[in-house]
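Report on one structure; see the data block that follows.
There are 6 protein chains.
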Amino acid sequence: MERLSAPRFKRLLLTGAAGNLGRVLRPRMKHYCDVLRLSDLAPMDPAGEGEEVVQAPLEDLAAMQSLLKDVDAVLHFGGVSIEKPFDVVLPANIVGAYNVYEAARQRGVKRIVFASSNHVIGFYSQGETITPQALPRPDSYYGLSKAFGENLAQFYFDRYGLETVSLRIGSCWPEPTDRRMLASWLSYDDLERLLVAALSAPVVGHSVIYGVSDNRSTWWDNSAARHIGYRPQDSSEPWRAQVEAAHPYVDPSRPEVRCQGGGFVVLGPFEKDPAP
Amino acid sequence: MERLSAPRFKRLLLTGAAGNLGRVLRPRMKHYCDVLRLSDLAPMDPAGEGEEVVQAPLEDLAAMQSLLKDVDAVLHFGGVSIEKPFDVVLPANIVGAYNVYEAARQRGVKRIVFASSNHVIGFYSQGETITPQALPRPDSYYGLSKAFGENLAQFYFDRYGLETVSLRIGSCWPEPTDRRMLASWLSYDDLERLLVAALSAPVVGHSVIYGVSDNRSTWWDNSAARHIGYRPQDSSEPWRAQVEAAHPYVDPSRPEVRCQGGGFVVLGPFEKDPAP
Amino acid sequence: MERLSAPRFKRLLLTGAAGNLGRVLRPRMKHYCDVLRLSDLAPMDPAGEGEEVVQAPLEDLAAMQSLLKDVDAVLHFGGVSIEKPFDVVLPANIVGAYNVYEAARQRGVKRIVFASSNHVIGFYSQGETITPQALPRPDSYYGLSKAFGENLAQFYFDRYGLETVSLRIGSCWPEPTDRRMLASWLSYDDLERLLVAALSAPVVGHSVIYGVSDNRSTWWDNSAARHIGYRPQDSSEPWRAQVEAAHPYVDPSRPEVRCQGGGFVVLGPFEKDPAP
Amino acid sequence: MERLSAPRFKRLLLTGAAGNLGRVLRPRMKHYCDVLRLSDLAPMDPAGEGEEVVQAPLEDLAAMQSLLKDVDAVLHFGGVSIEKPFDVVLPANIVGAYNVYEAARQRGVKRIVFASSNHVIGFYSQGETITPQALPRPDSYYGLSKAFGENLAQFYFDRYGLETVSLRIGSCWPEPTDRRMLASWLSYDDLERLLVAALSAPVVGHSVIYGVSDNRSTWWDNSAARHIGYRPQDSSEPWRAQVEAAHPYVDPSRPEVRCQGGGFVVLGPFEKDPAP
Amino acid sequence: MERLSAPRFKRLLLTGAAGNLGRVLRPRMKHYCDVLRLSDLAPMDPAGEGEEVVQAPLEDLAAMQSLLKDVDAVLHFGGVSIEKPFDVVLPANIVGAYNVYEAARQRGVKRIVFASSNHVIGFYSQGETITPQALPRPDSYYGLSKAFGENLAQFYFDRYGLETVSLRIGSCWPEPTDRRMLASWLSYDDLERLLVAALSAPVVGHSVIYGVSDNRSTWWDNSAARHIGYRPQDSSEPWRAQVEAAHPYVDPSRPEVRCQGGGFVVLGPFEKDPAP
Amino acid sequence: MERLSAPRFKRLLLTGAAGNLGRVLRPRMKHYCDVLRLSDLAPMDPAGEGEEVVQAPLEDLAAMQSLLKDVDAVLHFGGVSIEKPFDVVLPANIVGAYNVYEAARQRGVKRIVFASSNHVIGFYSQGETITPQALPRPDSYYGLSKAFGENLAQFYFDRYGLETVSLRIGSCWPEPTDRRMLASWLSYDDLERLLVAALSAPVVGHSVIYGVSDNRSTWWDNSAARHIGYRPQDSSEPWRAQVEAAHPYVDPSRPEVRCQGGGFVVLGPFEKDPAP
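Protein sequence lines correspond, in order, to chains R, H, F, V, C and E.
If you're matching positions, the first sequence starts at 1 in full-length UniProt numbering and goes up one per residue.
If you're matching positions, the second sequence starts at 1 in full-length UniProt numbering and goes up one per residue.
If you're matching positions, the third sequence starts at 1 in full-length UniProt numbering and goes up one per residue.
If you're matching positions, the fourth sequence starts at 1 in full-length UniProt numbering and goes up one per residue.
If you're matching positions, the fifth sequence starts at 1 in full-length UniProt numbering and goes up one per residue.
If you're matching positions, the sixth sequence starts at 1 in full-length UniProt numbering and goes up one per residue.
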């Protein structure tokens, strides 16, 4: 892909650098900064030139205070990225988000790009198109934690002026592999475009935008987020024939087919029922 | 045109197959199914390979019950397609629509693509842009019958889960021939794209979308129907010069110029006045 | 009740005068006109002073043309008022409404008050509050026919300037008798107030308003119809204790409990299934 | 006050029974149930007739599983009710809310009335009126935790059908004591009316409503929550003269005056800044 | 009437004190301040106790700079209050409004209550209900000048923090005298209530509210302006019978009947046509 | 650029022909008419073939009456185009706009394209996307005068049927030169496309549209103005790198950075403060 022109940052922080998207973003985001600081709970490849690698758990505030030092902007992709029991989601995604924001405030960071998720609005129907102003309908503990993160971002902007773009990321994979992803797919190149736009828009306050490619069909209308300057260039269409061949029929009366959140809407419950 | 990728249907039913659009669609829709069943009140060309031809009036419920047997999905283009006295519109478009939906329910059909019309909203001004959520302002008995059909579709979805995409078709002709059609024109290729999208979107509930090409100017904003996946490829623009040359001036104070429904808004009344 | 002040009409027409509400309205509406013309398909009590009684089927256009002669305004309460098979609803409520409007146009009638119904929007949840601008979600053939009537009224206003107030009447009975009616009840006195307001508002175009008393809970917000000047004075509250005692528990997962249309949403289907 | 008629519950659970509002509600809610179960982290007065008293921390899931047993409906007033550092708010209000909902799901509880707060939307201006559909703008960690609770309620309804009314309570004190409370005050009697309405409305899904009396001025328009059936009877007006005398001037350029959340919007930060 | 409790002002300025409403307000507003400064272009009664009388044209900036000195808040009722040729409206209402705002800014005045008018939105139909957010549709040069004043108020708030409540006053007369005024009437007592509310609401930014009594029918829904705390106590209803008797029929097809602005919508043009 | 097809006008009037945009438009608009009449207060180049040059002040009504004679449509670009003291803006932009509209009405002109400005809505944040229905938030006397012009246009359409397209022009310069203009830039070619669309749309009533190119980021969503048929072809993107290099950091807490109006929002005040 042709890289977007963008202002160069001195130091960007990418959390969740050992995760699926973190590994995709590591080489890409290096193009936009002098130093790319990388963090994760899990081990990462050693630091290359212009990289800093810091292994640290999000739920450790002191670690986050160190991590956020001398950082211009944060790409917060850390935490649990799939549905898990609440006591797993809580420290990573709720406490972790708090720690990142609080440390960012203390360190004077100006902007965070927050990897939110379509699972914040997963209970809307695939038979409707929604905007970034749609009220949350989370479909999972994971979705709840991302809704918490969006509210946290709103609070830190209203209270302290720390700006955030919350990306409600669809399905970010190498290619779309089922019928839902024909609508929800976000290519890696478009993810990069979206991050660059979110980092370089001069003013964002707290803005919400769906992270989705220019798919022929989608459930998300980003018209109200044009100020961010994201223009997707990819589409799921080239994969349509093979996906539709592999999944010839879906039954819209089943919640996991009908809802935008797909399979997440039927996961759980995780807790064992108590004795009667 | 390059055909859209789409799941293949076993049997599609096209009503109104002898009509203007029916004749256009007959060869086109054959590409998307094993068997294309064709019906009309009027005689049709004999069945070709993979075709079934059934002459039947929409107002005959028993005939519709037979017609809908073993059908996967319906393209309901049958009925009166221009303004007529109410007693002509009634059996074809109101009773007929009821019969098609009721028979479809009985036969377990999963989806109907309903040829609704811009005349459902014909009394809006050409000086405004409306969305699929615009409240009906029908401009004729014909428009009233199509508004009835849309409500019927909503009822059969809410009550029985039978899904519909209602297409508020603009002006579907070989080419645009007057200034109104520069905005309302739908090319035959785009009509096909729209039908394929409406048939193959995994979940539609009851969705409404305007059937219009990608004309430079239009009165219809389909942003709220992006989930259907319709992306028009054609435009009225190549015909603009000749159309504007042929119709140099239109007077916006005349209802038929001002309203989106065009000439329909001044047709009628049809009934003779009673003795005083 | 204290009668509302209102301009006196020379001749009002009340259709459906032999029906439940027609019989309630007959003595009441006499106060607002010199002559009250009463019509129904069924026999009615003989005409009293200042009354005219005309037995006539709504589906007979010629009869309607006679009936509408020399009438200032119409209270159209005629037709089927409960759910029935489509072929019963059709002539009475769809053809009948057309005949009344067309005859009214021919006879120069200025305004119609149309007894529409909450069943036009019966599939909305009782867990939400809707406005007169809510898109139709009819719950029955009856509801479909009333939605048709509302669209017809919009057409006759846009096309011919004939004004209508469409009343989406809730549950108009002597008293509320189940938990749904605690929200949907319309007292007879409030019905009268509503009719007088709808008749005497100087300008209404085509306006829609919910016909409901000032119940403590309701699903309908008439703020957008304040121009009509309806102010209910009654409430279902005095009946609450006895109703709740008689119906201690309702299960909100059942459609007939959850939906605003109540039991109507599960009536039908009426047609026998065809041979397989 | 005259008690509202309401269906009688077998067993209601009131969490936070030792708190300010809990103590107010304890004698009041007894009128609506056979058994009132009371819980809090802190000690409570011993159980009276028809009462059960259970001291238990919200952050203990097993304790909640016991507590929710054989309960018809829950009034969830437990947790921290003022602004505190995040690590204090987290266990009580976020983990606690999760535990209550999860235990309620396991125990088959049908409805929860959730004591949310105006601090969910505290950063809106006092110079505007908002509806229950306003997007969250929390003003504090406390407000964030209540926004989390509302999203949790939405999730448990969408996923499991457990119904909630979220009450965005204003200022619930014996009387209004500053100029902000002239708008935000909720009397104890109106709180009781609100709870009874929220418990007895037949269908609520997840509904949000502002908890505020019928004050002359307010920032909250509950029109969209009429289905709940809350009609406040009290007003801050009788206290206006003394409040305005005591607080003659407020400077609208200061955030704590300008914002609906009042003083909460300037509390914090609580964390000590890290070493530079 | 019982006076509203309100904070006492040291000095209020009432412009237009010699006008119809100015004379009504002079004795009333004295109750809320130590000193009531009165100004007009025309002569006024001599100053009574606690009054200051200043004859000054609004179009004289220097005079306004003197007039606004030591003023807490302004009731700006000055200027032309009926339709006039543009060159009459311009100096009094456009230049005059600018002078008042600019002088108020220079003198540190905190709040202005601006007598705007329903003629800002006079071209809306009487058959609809609008909110304070309705886009302007002025019906006259007078209405245009009031729309200018509202925009000016918005500018002075956004730019300088000077707060305004813009009152879109309906028909403020001793009693309603025609059918339009049954909807648009504002009693003098309600005007006083509205002014006191607008002066004493702690935070208003720039808020717009319709100045209308609690008439049975109206075209204006003030729900979105509840933060101002205006609760009308009067109604046009007691005059209805005599008004309707005097004006038995109005033809809704005539613009002056159909439009909210009434007769204003057909005044003019005033300019003589130029030589052809 | 390839010229748009458009109906040919007999005589177009371009006011402000000596201004920045006027000089750009003079050779371009000549393509769409037989005669291009040019006017300005300042001297202009002598008339070429098919041109008429008239030096005349907008504030002279008689001059405008002569100027508007035999004109089909007006491109009203005259007046002050930057922020100036109110007494400079007033005659040129407020009186001048009135004179142009009044003379146009007298002369039977059918349509005006009004050069409004983004400064009508300059106080909205760059962190949000607004539509043509956004309520005015003018950022300057200049912006106020343009808001007046838009209201004037609405009045002349509602009252006299004279149609207008109001163009809220962004930053129309040869190229974007700062970060704000990356979002607000309108190329000269796109300006021409916009004018041709506004002149040739058959029906516009009074429509508002943002004048902006197809920039990657923008604050303006023209979806609701699709009926005008404007499709921008240019973008600020090619200039991004050099602009961002020249302006590496902007502080979003400063009003002139945060607000859509840019530097205009901090201009002024112009009046000297009066003696204390």
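A virtual CB, placed ideally from N, CA and C, is assigned to each residue, including glycine.
Per DSSP, which one or two residues make a beta bridge with residue i?
i: Asp40 (chain V); result: V:Gln55
i: Phe114 (chain C); result: C:His76, C:Ser166
i: Cys172 (chain C); result: None, per the DSSP bridge assignment.
i: Gly211 (chain F); result: F:Ile169
i: His206 (chain E); result: E:Thr164
i: Ile130 (chain C); result: C:Trp220
i: Val35 (chain R); result: R:Arg11
i: Ser125 (chain E); result: E:Cys259
List, in chain order, every chain F residue whose beta-carbon is nearer than 7 Å to that of residue i.
i: Trp185 (chain C); result: Near Trp185 (chain C) there are no residues of chain F at all, since even the closest Cβ is about 13 Å away, more than 7 Å.
Could you spell out where the beta strand (DSSP E) holding residue i opens and where it closes?
i: Leu12 (chain C); result: 9-15
I need the boundaries of the alpha helix (DSSP H) containing residue i, first residue and last residue.
i: Ser200 (chain R); result: 188-200
i: Gly149 (chain H); result: 141-160
i: Glu244 (chain V); result: 240-246
i: Leu90 (chain H); result: Element bounds for Leu90 (chain H): n/a, residue is neither H nor E.
i: Ser184 (chain R); result: 179-184
i: Ala62 (chain F); result: 61-67
Taking all protein chains shown into account, decide if residue i is buried (16 or more other Cβ within 10 angstroms of its Cβ) or exposed.
i: Phe270 (chain V); result: exposed
i: Ala115 (chain F); result: buried
i: Leu31 (chain E); result: Correcting the residue identity first, residue 31 (chain E) is His in this sequence and not Leu. Exposed, since its Cβ has fewer than 16 Cβ neighbours within 10 Å.
i: Glu237 (chain E); result: buried
i: Asn222 (chain C); result: buried
i: Ala42 (chain H); result: exposed
i: Ile228 (chain E); result: buried
i: Glu51 (chain F); result: buried
i: Arg254 (chain C); result: exposed
i: Asn20 (chain C); result: exposed
If you draw a straight line from the alpha carbon of residue i to that of residue j, how long is it in whole angstroms?
i: Pro202 (chain H); j: Lys110 (chain H); result: 11 Å
i: Glu39 (chain C); j: Asn93 (chain C); result: The question names Glu, but residue 39 (chain C) in the sequence shown is Ser. Whole-angstrom Cα-Cα distance: 15 Å.
i: Val103 (chain R); j: Leu90 (chain C); result: Here residue 103 (chain R) turns out to be Ala, not Val, going by the sequence shown. Cα-Cα distance, rounded: 57 Å.
i: Phe157 (chain F); j: Gly122 (chain R); result: 42 Å
i: Val195 (chain V); j: Val113 (chain V); result: A small correction: the amino acid at residue 195 (chain V) is Leu; Val does not occupy that position in the sequence shown. Distance between the alpha carbons of Leu195 (chain V) and Val113 (chain V) is about 7 Å.
i: Ala183 (chain R); j: Arg3 (chain V); result: 53 Å
i: Ser140 (chain E); j: Phe9 (chain E); result: 35 Å
i: Ser166 (chain C); j: Ser207 (chain C); result: 6 Å
i: Asp214 (chain F); j: Arg159 (chain H); result: 30 Å
So residue i contacts chain R; which residues on that side make the cut at Cβ distance below 7 Å?
i: Asp273 (chain V); result: Gln106
Against residue i, what residues of chain C qualify as contacts under a CB-to-CB distance less than 7 Å, listed in chain order?
i: Pro202 (chain F); result: Gln126, Arg179, Val250, Pro252, Val257
What residues from chain V crowd round residue i, counting only those whose CB sits closer than 7 Å?
i: Trp87 (chain F); result: It is Asp, not Trp, that sits at residue 87 (chain F) in the sequence shown. Within 7 Å Cβ-Cβ: nothing; Asp87 (chain F) doesn't reach chain V, min ~33 Å.
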